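J.:
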Amino acid sequence: MNIAIVGTGYVGLVTGTCFAETGNQVTCVDIDANKINKLKNGELTIFEPDLDILYERNLKQGRLHFTTRLEEVIEKSKIIFLALPTPDGGDGQADLKYVVEVAGQLGKLIDQYVVIVNKSTVPVGTADLVRATIRENYPGEFDVVSNPEFLREGVAVDDFMKPDRVVIGSSSERARKMMEQLYEPFIRQGNPLYFMDERSAEMTKYAANSFLATKISFMNEMANLCELTGADIDKVRLGIGSDNRIGKRFLFAGIGYGGSCFPKDVKALVKMADHHHYDFRILQAVIEVNQRQKKVLVEKIRKHFGGKLAGKTIAVWGLSFKPDTDDIRDAPSLEIIPALMAEGMHIRAYDPVAMENARRVLSKEVSYCNDLYACLDGADALAILTEWSEFRNPDFEEVSKRMPSKLIFDGRNLYKMESLKELGFTYHSIGRS
Ligand code: NAD
């Protein structure tokens, strides 16, 4: 099938590449000419494990194409996906300007039946809005489908190729059949493809992200209470996670959720509720708890040094919002590092892949280091902000040599308390007193 993906970011590029991998002819469109040039010339624009293999193969075999010109893809595409940004518009509401703009252009360009699929995370009712916007300029037949994306950065290729489920919101039988055909290779193991109406599909995505964010904030509050009561959050986590109704995943306490989705999606759902005069109390608390949790490590550092942070140097391991991605959008590091710098601390930072992105947004005063050990040279303490695998089992002798203070603030609970104590470290973590 000939398909187009409009918006070639984390979701668009993975979606396009994976559809090409199953034999489709895919053209990815983006207004960022620099990005498109790189992708045309064999240079990937994001770090995502395993994406390089699929991207190179499909580029070479002529199934994956890139352009800045939307008009180029219209005639041949049977399905057009929108994988456009839907950022916080400033008041918490999802900003639909990118989606509406492209819908307006599509209305002027299409001249035969096509299925427009919204893959962006959008408020309930957006499929209707896109339909109405296209209709302003195009009187012919077309369908708008809501197909929210559930991939996780860091394992996006695997998630896309073997999704837990595919959700398709559409009231058109014709569009449903085309979507079913397109997704058939991805659900061969029997994972479900759920058909529903557009509004329920749009809501499903917000419900999923908000539920997961709630789980994180709940565990972070439990962690804070564990510290006060002398309980250990990691033991509590194991104790509750073995209950199937609760489940083992997403129970790790830490320094708050970040990334390009949870923060904006939880806020957008609260705003959506507001709009319908519904007070979504749990989610308001989830947001508040998360904001507070992002400051927990700074508090611990401040307390340890008796408030005297000026002139001290701290090594930071991890800048991305989670491991295996170069995405730093809304990462805890973007709050913690400026907060420490505001109190006069010097920062030496290391991240396996996110330093280039971090450089663009963090203060020029941050020093970036080539590896995790070099980062410790001259540091008074180490703060761990992302749970990259390479941080899980470092050479602690080397750590001690480079950082004689042997002081660690671990926002991700990577190490056993007893082991670090035996090695002579002062070790602060989350929810373990
Ligand atoms: P992104 O910012 O990485 O990519 C969006 C791309 O759209 C950018 O490359 C941008 O240049 C391009 N764009 C903007 N306006 C355009 C236009 N008029 N024409 C063509 N291209 C245009 O965003 P993302 O992370 O891929 O997210 C896209 C959507 O998917 C969002 O709604 C997000 O909430 C949702 N989502 C993201 C993830 C994730 O993990 N990143 C997961 C599931 C859903």
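Residues in the sequence shown are numbered consecutively from 8, following this note's numbering.
Every residue, glycine too, gets a C-beta built ideally from N, C-alpha and C.
No experiment lies behind these values; they were computed from the predicted model shown.
(1) Mind pulling the beta strand (DSSP E) runs of 3 or more residues that sit fully within the stretch 316 to 346?
(2) Gln-32 bridges to which residues according to DSSP?
(3) Rounded to whole angstroms, what is the Cα-Cα separation between Ala-90 and Asn-216?
(4) Report yes or no: do the stretch 305 to 320 and the stretch 164 to 181 share at least 3 C-beta pairs separated by less than 8 Å?
(5) Is Phe-193 helix, strand or coil when you go by DSSP?
(6) Compare the beta carbon distance of Leu-61 and Thr-24 with 8 Å and say whether it is the shorter of the two.
(7) Taking the beta carbon of Asp-333 as the centre, do at least 16 other beta carbons fall within 10 Å, making it buried, or is it exposed?
(8) Short check: CB of Val-152 to CB of Ser-127, under 8 Å?
(9) From the DSSP output, in three-state form, read off Ser-436 for me.
(10) What are the uninterrupted segments assigned as alpha helix (DSSP H) that are 4 or more residues long and contained completely in the stretch 144 to 174, given in chain order?
(11) Using only the alpha-carbon positions, how far apart do Met-8 and Val-131 sit?
(12) When we look at the beta-carbon of Asn-198 and count the other beta-carbons within 10 Å, is it buried (16 or more) or exposed?
(13) Going by C-alpha to C-alpha distance, which of Val-162, Ala-110, Leu-258, Leu-158 sits closest to Asp-150?
(14) Entirely within the stretch 216 to 290 and at least 4 residues each: give me those alpha helix (DSSP H) ranges in chain order.
(15) In three-state DSSP terms, what is Thr-74?
(16) My output table needs one value for Ser-374: the three-state DSSP class, helix, strand or coil.
(17) From Ile-53 to Ile-43, what does the alpha carbon distance come to, in whole angstroms?
(18) What would DSSP say about Asn-420, mapped onto helix, strand or coil?
(19) Could you tell me whether any non-hydrogen atom of the ligand NAD is closer than 7 Å to the CB of Tyr-17?
(20) If we call anything under 8 Å between Cβ atoms a contact, is Ile-86 one with Val-137?
(21) Under a Cβ-count criterion, where at least 16 other Cβ atoms within 10 Å of its own Cβ denotes burial, should Asn-297 be classed as buried or exposed?
(22) Flag this pair as yes or no: are the beta carbons of Asp-239 and Arg-439 separated by less than 8 Å?
(23) Indicate the three-state DSSP secondary structure (helix, strand or coil) for Arg-409 in the structure shown.
(24) From Glu-363, Ser-370, Lys-413, pick the residue whose C-alpha is nearest to that of Asp-384; which is it?
(25) Evaluate the contact criterion for the stretch 340 to 355 versus the stretch 373 to 388: three or more CB pairs, one atom per stretch, below 8 Å.
(26) Consider the C-beta atom of Pro-92 and the heavy atoms of the ligand NAD; say whether any pair is separated by less than 7 Å.
(27) If you draw a straight line from the C-alpha of Glu-429 to the C-alpha of Asp-402, how long is it?
(28) Identify whether Arg-355 lies in helix, strand or coil by the three-state DSSP scheme.
(29) Name the two residues that bound the continuous alpha helix (DSSP H) containing Val-107.
(30) Could you tell me how far apart the beta carbons of Ile-214 and Phe-88 are, in whole angstroms, since I believe they sit closer than 8 Å?
(31) Secondary structure at Tyr-213, three-state DSSP: helix, strand or coil?
(32) Exposed or buried, which one is Pro-155 when buried takes at least 16 other CB atoms within 10 Å?
(33) Which whole-angstrom value is the C-beta distance of Val-273 and Leu-290, which I expect to be below 8 Å?
(34) Starting from Leu-200, follow its DSSP beta bridges and name the residues at the other end.
(35) Please classify Asn-400: does DSSP put it in a helix, a strand, or coil?
(36) Check whether the Cβ atoms of Leu-392 and Val-323 sit closer than 8 Å, and answer yes or no.
T.: On the basis of the coordinates in this document:
(1) Counting whole runs of 3 or more residues, the stretch 316 to 346 contains the beta strand (DSSP E) stretches 320 to 324.
(2) DSSP links Gln-32 through a beta bridge to Asn-9.
(3) So the alpha carbons of these two residues sit roughly 17 Å apart.
(4) Flag = no, the stretch 305 to 320 and the stretch 164 to 181 do not touch.
(5) Three-state DSSP puts Phe-193 in a helix.
(6) By the CB criterion at 8 Å, Leu-61 and Thr-24 fall inside the cutoff.
(7) Label assigned to Asp-333: buried.
(8) Not in contact: Val-152 and Ser-127 (Cβ atoms no closer than 8 Å).
(9) Look at Ser-436 here: in three-state DSSP terms it is coil, with no helix or strand label.
(10) Uninterrupted alpha helix (DSSP H) stretches at least 4 residues long and entirely within the stretch 144 to 174 occur at 163 to 168, given in chain order.
(11) Approximately 29 Å, taken between the alpha carbons.
(12) Its Cβ having fewer than 16 others within 10 Å, Asn-198 is exposed.
(13) For Asp-150, the nearest C-alpha among the options comes from Ala-110.
(14) Within the stretch 216 to 290, the complete alpha helix (DSSP H) runs of at least 4 residues fall at 240 to 248, 269 to 282.
(15) If DSSP states are grouped into helix, strand and coil, Thr-74 belongs with the strands.
(16) In the structure shown, Ser-374 adopts extended strand secondary structure according to DSSP, grouped into three states.
(17) The straight-line gap separating the alpha-carbon atoms of Ile-53 and Ile-43 is approximately 12 Å.
(18) Three-state result, Asn-420: coil.
(19) Look at Tyr-17: its beta carbon is less than 7 Å from one of the heavy atoms in the ligand NAD.
(20) For the 8 Å CB-CB criterion, Ile-86 and Val-137 do not form a contact.
(21) Buried.
(22) Contact check for Asp-239 against Arg-439 passes: the beta carbons are separated by less than 8 Å.
(23) It is helical.
(24) Nearest to Asp-384 by C-alpha distance, out of Glu-363, Ser-370, Lys-413, is Lys-413.
(25) These segments touch.
(26) Checking the Cβ of Pro-92 against the ligand NAD gives yes.
(27) Their backbone Cα atoms lie some 14 Å apart in a straight line.
(28) Assignment of Arg-355 by DSSP, reduced to helix, strand and coil, places it in the strand class.
(29) Segment 104 to 116, the alpha helix (DSSP H) holding Val-107.
(30) As written in the sequence, residue 214 is Ala, which differs from the Ile given in the question. Not really, about 22 Å apart at Cβ, beyond 8 Å.
(31) Three-state result, Tyr-213: helix.
(32) By the 10 Å Cβ count, Pro-155 comes out buried.
(33) Contact annotation, Val-273 with Leu-290: C-beta distance approximately 6 Å; criterion of less than 8 Å satisfied.
(34) Leu-200 is bridged to Val-173.
(35) Asn-400: coil per DSSP, three-state reduction.
(36) Cβ atoms of Leu-392 and Val-323: closer than 8 Å.
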